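What follows is a short report on a single structure.
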Amino acid sequence: MPKLSVSGLTKQFGDVRAVDGISFEAKDGEFITLLGPSGCGKSTTLFAIAGLDRPTGGRIQLDGRVFFDGSAGLFVPPEARNCGLVFQSYALWPHMTVADNVAFPLRVRGVKKKQIAAEVEKSLALVEMESYAQRYPHELSGGQQQRVALARTLVFRPSLLLLDEPLSNLDAKLRLRARGWLKQLQSQLNITTIFVTHDQTEALSLSDRIVVMDGGRIMQVGTPQEIYQDPATPFIADFIGGSNFLSGTVATVTGNVALVSLPDGQTLSVSASPELTPGRQVTVSVRPEEVHLVHESDPRPNLLHGRIVQREYLGPRYQYSVSIGDRLVRFETVENLGSVDATLAVSPESCTVFAFNGKH
Ligand SMILES: Nc1ncnc2c1ncn2[C@@H]1O[C@H](COP(=O)(O)OP(=O)(O)O)[C@@H](O)[C@H]1O
Ligand SMILES: [Mg+2]
1 MPKLSVSGLT
11 KQFGDVRAVD
21 GISFEAKDGE
31 FITLLGPSGC
41 GKSTTLFAIA
51 GLDRPTGGRI
61 QLDGRVFFDG
71 SAGLFVPPEA
81 RNCGLVFQSY
91 ALWPHMTVAD
101 NVAFPLRVRG
111 VKKKQIAAEV
121 EKSLALVEME
131 SYAQRYPHEL
141 SGGQQQRVAL
151 ARTLVFRPSL
161 LLLDEPLSNL
171 DAKLRLRARG
181 WLKQLQSQLN
191 ITTIFVTHDQ
201 TEALSLSDRI
211 VVMDGGRIMQ
221 VGTPQEIYQD
231 PATPFIADFI
241 GGSNFLSGTV
251 ATVTGNVALV
261 SLPDGQTLSV
271 SASPELTPGR
281 QVTVSVRPEE
291 VHLVHESDPR
301 PNLLHGRIVQ
311 REYLGPRYQY
321 SVSIGDRLVR
331 FETVENLGSV
341 DATLAVSPES
351 CTVFAFNGKH
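Mapping of the sequence shown onto our numbering: residues 1 to 360, in sequence order.
Below you can see the structure in the form of structure tokens.
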């Protein structure tokens, strides 16, 4: 039995269908990330699981216990769910010390004083903040406040950890450190976690599985590797990791190779599949790191010729945009190049082909 099961969840705010019939499960101890652009319904989903907001329809079940069932009119209030929710804004009480902040959830649960002190100490030790117990929130950095917020949630041993963009307020370097630390803590405690973010690198590095959302719907569910290597739609190929897109028409299919002709007359060989029939409109996506600058007489298949029209300095390397027909194809190299003609090699295996008229 899954630890958490969400099925057919919907939430309507007036005319806005914030969540549109989504279903997913989390196994015990799993780290699941809801990933998608701002406004796609991530927080609404998380709040529905926590019970902070009543969904319009669907069903939510944790450890075999039904928390919400729209058709049965069943709604378990948040205090009876034992879910731990941590927000992007740490929401610590400014007039309470760190220790009192962390003790608060135990006080409202009527835990005895002596036990509270021990649990607070344990919880602060988990987040390596035990020496800050007597400080006030304003005497802490953002990263430290975030740890205290997490300690305040872990102290009551929630059955489920719900994190809504918890690292978004930290600066880039701290964010990276907090990421490593959070992942370590989560696997050490083996606590089932639903993490919400719009940041694809966070999702790729932290998750056991990613649920990609857009417009209140689930677009794909998979491991970070599955999502990155085999994106289900051009939107996902672009949103996660970034991709180059080339539109074309299938010209011929020979054995396991389909030849796609691009509007400017150049061609690309891609792996054939049953849907790639001659005449079919396709969008080919390829990651910038799979595009290589080569000599114009390189013997490899799939050479594309164009002109470098943009250069961006990234520190360790440059990213260039080459105009191919009406599209720009990005690639990266350590070489410092000007606005010159360039030949790019793209291996057929690195091409993901979407057989429909996408927006790209
Ligand atoms: N309380 C609310 N009232 C009206 N609309 C809301 C409310 N909360 C969220 N929405 C709308 O629902 C959609 C999803 O919001 P949200 O779940 O917060 O997105 P995300 O967390 O992915 O950025 C958005 O269009 C948002 O404007
Ligand atoms: Mg949100």
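For glycine and all other residues, C-beta sits at the position ideal for the given N, C-alpha and C.
Computed from a predicted structure; not experimentally measured.
Cβ-based burial, residue i [other Cβ within 10 Å; buried from 16]
i, result
"R177", "exposed"
"E79", "exposed"
"S321", "buried"
"V108", "exposed"
"N357", "Residue placement at N357 cannot be trusted, given a pLDDT of 49 that sits under 50; what the coordinates show is reported in the next sentence. So N357 ends up on the exposed side."
"G64", "exposed"
"T277", "exposed"
"M129", "buried"
"R152", "buried"
"F13", "exposed"
"A50", "buried"
"D164", "buried"
"V340", "exposed"
"S43", "buried"
"N244", "buried"
"E139", "exposed"
"S123", "buried"
"R59", "buried"
"S187", "exposed"
"A237", "buried"
"R147", "buried"
"G41", "buried"
Contacts around residue i, its chain only, beta-carbon distance under 7 Å, and the 5 residues preceding and following it disregarded
i, result
"L366", "No statement about residue 366 is possible, as the shown extent of the chain runs from 1 to 360 and does not include it."
"F75", "R54 and F68"
"T197", "T33, L35, E165 and A203"
"Q144", "M129 and Y132"
"T45", "L9, V19, I22 and L34"
"P77", "G51"
"D15", "none"
Interface flag, residue i vs chain C, CB-CB below 8 Å
i, result
"L170", "Among the protein chains of the structure shown there is no chain C, as only one such chain exists."
Same chain only: Cβ atoms within 6 Å of residue i, ignoring 5 sequence neighbours per side
i, result
"G222", "none"
"Q310", "S321"
"S350", "V286 and E290"
"Q134", "T97"
"R217", "D20"
"L167", "R175 and A178"
"E296", "T343"
"R327", "L246"
"F195", "T33 and L163"
"D208", "E30 and F31"
Beta strand (DSSP E) segment containing residue i, residue limits
i, result
"E25", "V16 to A26"
"L150", "Careful: L150 lies outside any beta strand (DSSP E), inside the alpha helix (DSSP H) at G142 to L154."
"D341", "D341 to V346"
"L276", "Neither: L276 is in no beta strand (DSSP E) and is coded neither H nor E."
"G39", "Run containing G39: none; DSSP gives neither H nor E here."
"G325", "Per DSSP, G325 belongs to no beta strand (DSSP E) and is neither H nor E."
"G8", "L4 to F13"
"F356", "Segment: none, F356 is in no beta strand (DSSP E) and carries neither H nor E."
"D164", "L160 to D164"
"L314", "Per DSSP, L314 belongs to no beta strand (DSSP E) and is neither H nor E."
"S285", "Q281 to V286"
"V291", "V291 to V294"
Span of the alpha helix (DSSP H), counted from its first residue to its last, around residue i
i, result
"A50", "K42 to A50"
Chain-order list of residues whose beta-carbon lies under 8 Å from that of residue i (same chain, five-residue window excluded)
i, result
"V294", "R300, L303, T343, L344 and A345"
"F104", "W93, M96 and R152"
"Y318", "R311, E312, E332, T333, V334, E335, N336 and L337"
Of the residues the options, the one placed nearest residue i, counting alpha carbons only
i, options, result
"G325", "S297, E332, S247 and V253", "S247"
"L62", "V6, S323 and L182", "V6"
"C83", "E275, E312 and P158", "P158"
"V66", "G21, F31 and P2", "P2"
"D199", "E296, S350 and I210", "I210"
"H292", "V127, G241, F331 and E312", "F331"
"V334", "F31, L328, Y313 and V282", "Y313"
"L369", "G70, A72, H305 and R81", "The requested residue 369 is not part of the displayed model; the chain covers only 1 to 360."
"A258", "K11, F354 and S187", "F354"
"D214", "G39, K27 and E30", "G39"
"R367", "F31, T56, I60 and D28", "Any property of residue 367 remains undetermined from this structure, which presents the chain solely from 1 to 360."
"T249", "P234, L268, N190 and S273", "L268"
"E25", "T192, H305, S323 and P288", "T192"
"V212", "L182, F235 and V111", "F235"
Proximity test, residue i beta-carbon vs ligand 3 heavy atom, cut-off 7 Å
i, result
"K113", "With respect to ligand 3, the structure shown offers nothing to examine, as its ligands consist of ligand 1 and ligand 2."
Please list the segments of the beta strand (DSSP E) lying wholly inside the stretch 233-273, counting only runs of 3 or more residues, in order along the chain. 244-254, 257-261 and 267-271
Whole runs of the beta strand (DSSP E) within the stretch 183-225, excluding any shorter than 3 residues: 193-197, 209-214 and 217-222
Give, in chain order, every unbroken run of the alpha helix (DSSP H) that is at least 4 residues long and sits entirely within the stretch 98-145. 98-108 and 113-126
3 or more residues per run - each beta strand (DSSP E) lying fully within the stretch 50-103: 57-62, 65-69 and 83-86
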